[in-house]
Each structure stands twice: as C-alpha cells, then as structure tokens.
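Residue numbers (UniProt numbering): 1 to 1154. Have a look at the structure below, then the notes.
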C-alpha cells in the first residue's frame, strides 16, 4: 500500500501480495497517473481503477484511487475494501473507462516451509517433538477450496493436514496460518523480551485487530489486554491507526514509531529507547517549553495545549476532534500575581528617527511627554561592515529626564539583502569581541543610558529573499549577550533586546538564558496578523483561506504569547509588553459589514487593497493619528469590538469597505494591568499630529532689498535704521559680525604664529609635569573606594579617657576600648606616645577616601595613615581608569608609599625627611598606592595642541568666508525657513556666540603669552586652567562642523590635555571641578551654547533661540567665565538685541522657540 500526490490529487495504490509489482507499476499504475497529469485530462473529483471480484482474494486484488480534493478518509476506505478482497462500489460513478491492452501478472503462491529451532521447542516444556508443516496465511476472500488451490494440494489432503481444527473451514480468519503439508502448525506467537519489554508489531494500512491477532496467534482480547493503558497511541481495536507500534505479548511498551515530520515527544525521528520504564511523554520537549501534541508537533494554542485522552486513556491518544497535549500543556500565566510598583513600571516609547521622511505626522524627539514615558528607544541605529554604530542625532542625548536607549537593527536592517548578514556576522565568535567593544565605547562616548538589539530574527528559517538562518545564530546571540553584559557591568547602563511574540521565530532564541543576561525584553505583541495572512491556512485557526479579518493586537493571542514566554522561563518583571500606535488595515469583500466574530469578515488579496494613510502612505497600515482623524471627519465610520468577551477588546473601525484593527488609549492602559514589567509603544510619533517643530516653520521677515548700509561695529548701527524691518537688522548684524570676526582672527593668527609660542608652551608643559604627582594623589583621594580597601591607623584610647578626659565625642571615640593593666585599677595603656594621653595605634578596616564616615579621632580631616589593598579583580580597571581619566599609562606608574605631611616639623623634627616609625608612620601616609614615575613622565608626554591650533586658524578662516554666503542666501526674496534652511535669527545668535568666544580667547591668549615667563608656583594652576579654557572653548567645537570631521576626536584630545593639567584637590576649589566636568563630559551635546555653531554651516540642529539665549547667559554667569567670556557675550547680546528687536519671536510677536 502506497499513498502519495500526483499534481494536486491524493493517490492511493494497493497491490496484493500475489501481484507482480514491477509489471503492475509499468501498466495500470503508470497509465493511471499519466491520465491525471495530462493537460487535457477529463478526470475530475474521484477516480479509481480496480482488479477485483469473485474468485480473487486480497492477494490477487489490485487498485489505484485518486481524489482531487485530497480526501484521505475516502481514499483510505477504498484501500481497506481491497485489503478485504472487496471491490469499491462504483454503481453511482459519473463515468467508467476501460483500460485497453492491460495485462496483470500474478506471482505463484509462496508456501512457507517452517523449520523450528529445536532448542526453542525444548525450552517450551515437555512437549512431544515432531516436525512442523509448511504454511500460508488466509487472505480476505479465501475459502478452504481456494486455500487448497494456493497450497497446490487436493481438498482432501488440505483437510488432513489441518485436521487439528475440525471447524477450520467455517471459522477462517484473515491472517490465520494454515498447513499445506503434514506436520504440526508452527507457533507464530512471540513472548516478552529479556529486558521486560513486550514483543511489538507495527500496524500497516488496512489492518485490523483480528487479522493481527490471527497473524501472531493471539486473540483480540489478548491485544486489548497487552496494550490498554500503556501502549502509545492505542485507542482500542475500533480506532486502530496505521504505523502504531503495538504489543503482541506481555511486557512494557517501547517507544512508538517515529513520525517523519515530528519535532517533539517520543515520535520525533531519532528517538531511542530509554532504559527501563519511562514516562515517554517527557521525551524531546518542545523549544520554549511549548505544548507538544500527539502528532509530535509544537505550538502554544488550544489546538496543541488541550489535554484529552482517547477511550482507553492511553498516552499518545486524544478524544475525537482534538490533538491531545502530551507535555508542557499549561496555558495560564505564571509569576504575575503581584502588580509591580508604579515607579517600577517601565514605560517605553519607541521613536522613529525617520519620521521626517513622511510628508506629515512629523515629531521632534524632544516633544515626547515625560509624564507618559520614562524610557525612550531611539530607532533605529545600524552597524556597518566594521561593526561600528552609525551616529544618532544629538537631540536624543540631551533628554536627561528619560532613560535614553539606542536601538540597533529593526526589521528592514535584519531582512533586506543588503544588510541582513551584518547581525549574523557581528555575533560570530571571531567578531563579537570587536562588536561588543564598539557598542560599549559608543554608549560611553554619547552618554546614552542603554542599548537595545532588534535582530529579526536569529535562526529564522524562512525569511523572504535572504538565506535561511542557522541554529548557531541563536547560540552566538546568547554568547554575545553574555559578553556585552560583562562589559556593561558596573556602568549602570541597561541591556535589552526585542523578541517576537510568535512561537515560530521565538524558538530560535535561547530565550531563558538570554533573559538572565539583560535588564528587560521588548516583547513585540503586535503584528500578530496582517495582509501577509492571505492564502495561508495556518495563519488563522479555522480560516483555511487565511483571509479572515483578525486584529493584529487581539488579546486572546497576546495572552497566549505571554503564556508562551513565561513558560519558556522568562520572569514577568523582565517582559515589556508591546502595544501599538498604529492599526493594520484591510480592503473588505463586503462593505459595511459588522465583524462581531473573528471569521465574519473577509479581506481581499493577495496584495493589500486598503487605502494608504495620508501621511504613512502604506496600504495596510494606518497610524493612530490618521485613524483618529478619519473618525473625526467621517460620519460613516463605525467602531466596535472584535471580541465581545474581552473587556475592553481591540477595536475595529469600518468605513464602507475599509477596515482597520487598532488599540485605543484605554486598551493600551489595560496591558499594564497584566502585571508585567511594563509596556513598550511602537511608536510614539504615530499617536497624534503634534505642532510642527520650530525649525519647520516657514517665516518671512520681510524684504532685504533696502538693506544696503555698512557698519564697522554693532554700536554703530542706529536703531532707527532697522525699526520695523527685522530683515535689515539681521543682515546688518551678520555683516558687522564678519568685520569683528576678521579683526579678532587677525590678532589670533599673529599670536599663534609668534616666534615665542613654542617657548611659552614649554613653560606650560613644565607646569603640567610638576603638578602631575599631586594630580594623581588628588584623584586617588577622590576615587579610592572604587578600586581599594583600606586599613586606617586609628588612635585607640580608653573610653573613659577619650570622652571624659579628652572631651571627644562618642562618634570620635567609636574605636575606644575598656581595658585594665593590671586587672584592677584604672584603664591605661602600657606605652605613652608623644607626650599625649596614653593610647594605642591600631589598624582598623574602614572605607578608603573619600569616605570618612567611619573615621574616629581624625574625622574627615583624613590625616590618619591608610594602608591600601587593591580589591580582587580591580587591577585592570584601576589602570584603565588612570589612562581614561588622567592620561597616565600603567608603565608610567608604580605602587609605593606617599607622604602628604602637614605636620609642624618644628614640633616633630624627627619626622623629617619622613621616617615611618612611631607618630611619623601613624599619620599622613598612604601605603601601597599608585605613584607617578617622574623618570617616565616628562614634558614630552604632555599633549601639544599645535596641530589643533593650526586647524583652528583654518577653521576660523573658513567661518569668516561662510558668513558672506549666509548673508547672500537670506537676501534672496525666495529665502524661507524650512527643515533644511535655518531661521536667520539662528545665524544671528550662533555667530554672536562665536565672535564673543574668539574675542574672549584672543584676550586670554595675549595675557597667557605676556605672563608665561613670570609664572610662579602659586599661579601654576591658574595658568593651566587658562590654557585648557582657550583650547576647550576656542578650538575643537568649530573645526568639526566646518570641515565635517569628528567632534569626538577633537574632544578626546582636549580632554586629554585637561586631564594632564588639572588637579581636583581641595586646594583648587570648585572652579577646577566644574571645568573638568565640562571638558570630560561624555555627552558632548550638553554644551548647548557651543554646539549651536553647527548652525553656521546651514545645519539646523533644533537649537531653540530662546534656549540658546538662556544657555549663553548661564555660561556667562559661571565662575569660569563671568569675568571674561560672560562679560563679552553679555555686552554683544545687549547690543544686537537693539538691532534685531524681539530676538526669538516671529514678526507677529508670538514666540517661535523656547
């Protein structure tokens, strides 16, 4: 018996065992199959050819049957008829055909000559040994007469040979053995195997219990007894299924036969027999702990997870119409009984960085409402072939009120032919170290708070247009996740990844192991359905055509998905439930139809016929903002719930033949009530039509035709000249800036090119080297607890002496003791030191500086000596931090003892030059700390900014040339403010800042060079600060935006110079700390006043004018600049505000920015 398909027809073939198979295949079967595949075939529906009838038993029957609709039950029934030697009834057939010139070859009868092993007979017991007869089996349609003919003997001889059974001819059973010669009937039964397992038999198509029982010389009752309750797949003789492995003897049942497409349970191909008795249901569990059903298939819905048993209750059986779950059958959420604290909920807003590519529905990232979200995922950044991250916008990094996360990848990046391989390659063992290092470095450079990976999807087998993924991808992804988790340890930055909400793709993730490494998982419980369902009979249960409207965010499947991921081992608090701010839309076959139940409405396909949104411009996809607009403007819009049993259910909206399923605000909120880690909204820029960002306004300040005058200074521009004409004020201000800039630049160039510059820098470098050791110690005092444990030398007094005698507080005397020497009498110590009251110096474990909370007598003065011990595993981090924060390499340092004495040496002359004995060793020593090797750190190691200064000259010159171009552009009557062309006011403010900075720093450089030779030790710190300030504010922030080079490169070099030259000790005060913080700030964009210079090259970064003024004034008020830059800027700002009235407002007086 064989089943198969020809074209789309299901075909079954039965060849009796007396038929010559090769001849039959070459004639009847071949001709039949050919008739089905001919293009002009007239065969439709069901067809069959059969050779059967009176005089033929099952061995001499042949049949071929086909069904164009694939009705397996009907084909199987035809095969069964032939196994019983019966013809299929064709009395009601539509047509009958005669196969011409067909010859059926039949084989001669094979008579089995059985020679039993003598030992087996002896082992059976004291039976009389005698020869066994040769045998054949009864086939359907046989009688004693046909059996005698098949044996080749007379009827009388046949009766004699089988005289052991007087009722044989009236009780023949298909499968029964009969003798064709003299001798006893051989024993065809089999006993229990030595291991205790039963003898087994595989049921063939068309077999039934009585035939099998007759074949193995058992009764039907025996088979029921051997198999009931234990044999896999046994539902009793009435429901016997082909390929079932049944017991035909006592003993335990072995593993069942495999199913060719099985993926779980004992019927998965390759499953071996476990030792002893075993719960077969637990073999080969599904990935993700999903449900495994009796057909060895995995899933997460009721089709796979419903537990049911057949009539016998055997494992591997199910009730009629169900698929019976065998393992991991739970369908309830776990671990979510407790609602998280409100503050602990993570409310994630995905922001589409590309939303300005749309003609409308544009949103600036700064417009996100912090009262609704606490985390922003900036989507998407991508990686290049060198596994480097492409930069985001600076606006995102400024949003300090949010937890800011960069999200890498996305659907397009993961699946498009040009980029799909980048994720796959980046996590290969040979590349993942580089990729992880780049990711962490990027996060540190840009000051973001977390990183999110959106790879869709590792190990995916069927993504269109790209090669199938491999199992190794999921394993590599896990290894990469562990690696980057290690690299982020201790930074406070979060790690997350996105995961699909469908079993098919989620199974490629080692999800439980990955969850252990991350802070949270973005669980994409949206896009559960869409236009792609069309034509797939598996996409929607009960909808064979795959074209039934189903919400892409329906709660039933969302709930099933949440059950799936929690069963897989992911804690609920790490799962962030996906919600959508868009709907999936469809073109309906029937207009104005209510889809009360899931399968009511049918959509067209295969391509989406739905109308695209006016902004999103994609058929099958509408933003919530577009949906709300449709509802507000269309009286025919009908809204109702898809599932009336869910409160509140997803919403369906119909307008004529257009339908869309989406979530409204209440439904989104209800996802939070499921007690998971929070929600993630894709995407925040799809929710509402927000007011345009200021940079996108088109403003007109009037004509520039009459603005023809020239002025040398801002003060020379009379207010009456620009009254009522804002454009002239802007132009005059810019042209005057140009003159001022050129004058300052000429002086700047002269100073830089002066012959004494190198000498002056040498003096500065000497100052840096001379203060470097103190710089290192100041850093150590401020950061000791990060790398070291300490033992502090404390003065331990008798408690009564400490408090009553010396007048110290209880806190200061926390280390005092009560002791008596001898046992009676006052508390004293045996030794007296330095003429003070008796005490004892003891090493006590306390935090290292700057934590003085456990100090005793000395308190926060920190004068006690301390013994430093490097914390376990912190050595590499120590030297990495010294390099990163002070620019000292490991080779330039060593470990030793440092004396920071402030002792009055006239009182303690024995301590000079710092012996460590007695009082000299108990105070003002740091033992075993990093020290600078002054033989290896010289003036040659001090960063020389000469190249930066040369670049700076070129960049200031380029800026000077740029200003006339700007003026020419805004003089044009066609100039208007757009997304790519800044408001002219931005130029006024930005160039004002630039001119003020250059003026300030020219004056500062003049002062530095003038005083360099006369610098005293007391003035060294001020000199260093002056140099750093010049380089920080005058140079690095202009060159990158003018020449297109890396701002990070310049910032790193300036920060290096600053690290080498600035101490942060108490003797410097807060001023240095503020400058140090400013120039080592990881988030370079926070220096708003400086970065506004980007506008000078026509790049609108979104700097609000009102904010720029506010920031610039704040800079002016800081200690570091209030006497220099602040004063210059304030003077210039006050002057230009008279020339450009209402700076920062539209001509109508309404504030545009700020």
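Positions of the beta carbon are idealized from the N, C-alpha and C atoms, including for glycine.
Look at the alpha carbon of residue i and the alpha carbon of residue j, and state the distance between them as a whole number of angstroms.
i	j	result
residue 156	residue 9	49 Å
residue 1200	residue 84	Here the chain covers residues 1 to 1154 and nothing more, so residue 1200 does not appear.
residue 442	residue 630	42 Å
residue 789	residue 798	27 Å
residue 895	residue 857	28 Å
residue 602	residue 610	13 Å
residue 427	residue 840	60 Å
residue 63	residue 244	24 Å
residue 299	residue 605	27 Å
residue 71	residue 607	30 Å
residue 279	residue 503	25 Å
residue 150	residue 51	19 Å
residue 580	residue 461	26 Å
residue 364	residue 386	30 Å
residue 938	residue 746	34 Å
residue 470	residue 508	9 Å
residue 859	residue 812	7 Å
Using the three-state DSSP reduction, which class does residue i fall into: helix, strand or coil?
i	result
residue 198	coil
residue 768	helix
residue 730	helix
residue 898	strand
residue 164	coil
residue 330	coil
residue 881	helix
residue 1158	Residue 1158 cannot be examined here, being either before or after the span of the chain that is shown, 1 to 1154.
residue 1171	Within the shown structure, residues of the chain are numbered from 1 to 1154, placing residue 1171 beyond reach of any answer.
residue 795	strand
residue 15	strand
residue 953	helix
residue 1115	Note that residue 1115 scores 42 on pLDDT, short of 50, meaning its location in the model is unreliable and no value can be drawn from it.
residue 382	coil
On a Cα-Cα basis, can you pick out the residue from the options that is closest to residue i?
i	options	result
residue 955	742, 420, 785, 923	742
residue 744	402, 1003, 383, 516	1003
residue 667	139, 734, 555, 458	555
residue 991	966, 360, 1001, 1007	966
residue 213	517, 189, 873	189
residue 893	935, 885, 860, 197	935
residue 1129	988, 1141, 1007, 717	988
residue 232	217, 267, 263, 210	267
So is residue i buried or exposed if we call it buried at 16+ other beta carbons inside 10 Å?
i	result
residue 1061	Confidence at residue 1061 is low in this model, with a pLDDT of 47, below 50, so the placement of that residue should be treated as unreliable; the coordinate-derived value is given next. So residue 1061 counts as buried.
residue 354	exposed
residue 366	exposed
residue 770	exposed
residue 444	exposed
residue 433	exposed
residue 1090	Unreliable placement is indicated for residue 1090, whose pLDDT of 31 sits below 50; no coordinate value is reported for it.
residue 204	exposed
residue 118	At residue 118, the pLDDT of 28 sits below 50, so the modelled position is not reliable; the number obtained from the coordinates is stated separately. Label assigned to residue 118: exposed.
residue 273	exposed
Taking the continuous alpha helix (DSSP H) assigned at residue i, which residues delimit it?
i	result
residue 473	471 to 488
residue 213	209 to 215
residue 679	Element bounds for residue 679: not the alpha helix (DSSP H) but the beta strand (DSSP E), 678 to 682.
residue 226	220 to 227
residue 411	411 to 415
residue 182	Segment: none, residue 182 is in no alpha helix (DSSP H) and carries neither H nor E.
residue 667	665 to 672
Which residue marks the beginning of the beta strand (DSSP E) containing residue i, and which one marks its end?
i	result
residue 842	840 to 846
residue 624	Premise fails: residue 624 lies in the alpha helix (DSSP H), 624 to 633, not in any beta strand (DSSP E).
residue 292	291 to 293
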